[in-house]
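Below you'll find the structure, written out as structure tokens, and then a few comments.
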């Protein structure tokens, strides 16, 4: 997959990278990245010599059709781990166990602390469960990563990607050994997550929003629905007004004819 996908990807899009020396040549480490696009899971592994194992939603492995089979083939080929997100708590525990197994093998574990793609290009609050618990339980260093402009390559709804240079900034490893054994303290989990998100914000230059991306997506969907319903109501009102005007003109013409 490094050759068949990574090679052409680097040749066509020519992603630029800063801080590549911050990724250790061997040993376990957590790559914590912002999440702008589906293509993030393509570009980051492509620029690294080592394999990166991400948690991937189970739908990427089960979607029907040609596109679904190609997507599943890619994620299986790069060794990504499917996680069923239908049960929030179960999915979180599965992600934590999977991440710990990857790190225990001395490999790189990639995670998106926001939990989902940003709906508008801004950086959202990190979820404290997965990232912090895995980091504290394993003692693996956390390396902040910022994906730059990947959302512009293939925006939602666009089939053909735009050929342009995305960027990847990799920060210095963060050591949280001072919190070892405190992976069940919610205040510590929050502090660790916020520190990582702050470093990602500095690397990416994104505007930070102190709310979860899932909540933002829900608000955007509700606003779009309300706008659609308001537009429908406005069209219906306009149609009723036009019908009333036409009826009034018809009545007036009938009255004038009668008087004549």
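In this note's numbering, the protein residues as written are 73 to 332. Heads up, the beta-carbon is just placed ideally off N, CA and C, and yes, glycines get one too.
Residue i classed as buried or exposed, judged by whether at least 16 other C-beta atoms fall within 10 angstroms
| i | result |
| --- | --- |
| residue 160 | Note that residue 160 scores 49 on pLDDT, short of 50, meaning its location in the model is unreliable; the coordinates nonetheless yield the value given after this. Its Cβ having fewer than 16 others within 10 Å, residue 160 is exposed. |
| residue 293 | exposed |
| residue 134 | exposed |
| residue 332 | exposed |
| residue 76 | exposed |
| residue 330 | exposed |
| residue 152 | buried |
| residue 261 | buried |
| residue 128 | buried |
| residue 316 | exposed |
| residue 321 | exposed |
| residue 299 | exposed |
| residue 311 | exposed |
| residue 199 | buried |
| residue 271 | buried |
Residue i vs residue j beta-carbon contact at 8 Å
| i | j | result |
| --- | --- | --- |
| residue 242 | residue 220 | no |
| residue 195 | residue 279 | yes |
| residue 212 | residue 102 | yes |
| residue 111 | residue 225 | yes |
| residue 104 | residue 217 | yes |
| residue 259 | residue 207 | no |
| residue 109 | residue 189 | yes |
| residue 334 | residue 265 | No statement about residue 334 is possible, as the shown extent of the chain runs from 73 to 332 and does not include it. |
| residue 191 | residue 130 | no |
| residue 284 | residue 201 | no |
| residue 172 | residue 209 | yes |
| residue 273 | residue 185 | no |
| residue 155 | residue 145 | no |
| residue 197 | residue 282 | yes |
| residue 205 | residue 87 | no |
| residue 229 | residue 178 | no |
| residue 115 | residue 286 | no |
Inter-residue CB distance, residue i and residue j (contact presumed, cutoff 8 Å)
| i | j | result |
| --- | --- | --- |
| residue 180 | residue 124 | 5 Å |
| residue 118 | residue 82 | 6 Å |
| residue 244 | residue 94 | 5 Å |
| residue 85 | residue 231 | Wrong, their Cβ atoms sit about 17 Å apart, outside the cutoff. |
The beta strand (DSSP E) enclosing residue i, as first and last residue numbers
| i | result |
| --- | --- |
| residue 232 | Where residue 232 is concerned, there is no enclosing beta strand (DSSP E), given that its DSSP letter is neither H nor E. |
| residue 155 | 153-155 |
The alpha helix (DSSP H) enclosing residue i, as first and last residue numbers
| i | result |
| --- | --- |
| residue 317 | 285-331 |
| residue 259 | 258-276 |
| residue 139 | 137-149 |
Please give the ranges of any beta strand (DSSP E) in the region 175-238, keeping only runs that are unbroken, at least 3 residues long and fully inside the region. Those beta strand (DSSP E) runs which fall completely within the region 175-238 and span 3+ residues are 180-183 and 214-220.
Contiguous beta strand (DSSP E) assignments of at least 3 residues, all confined to the region 84-130: 88-90, 101-105 and 124-129
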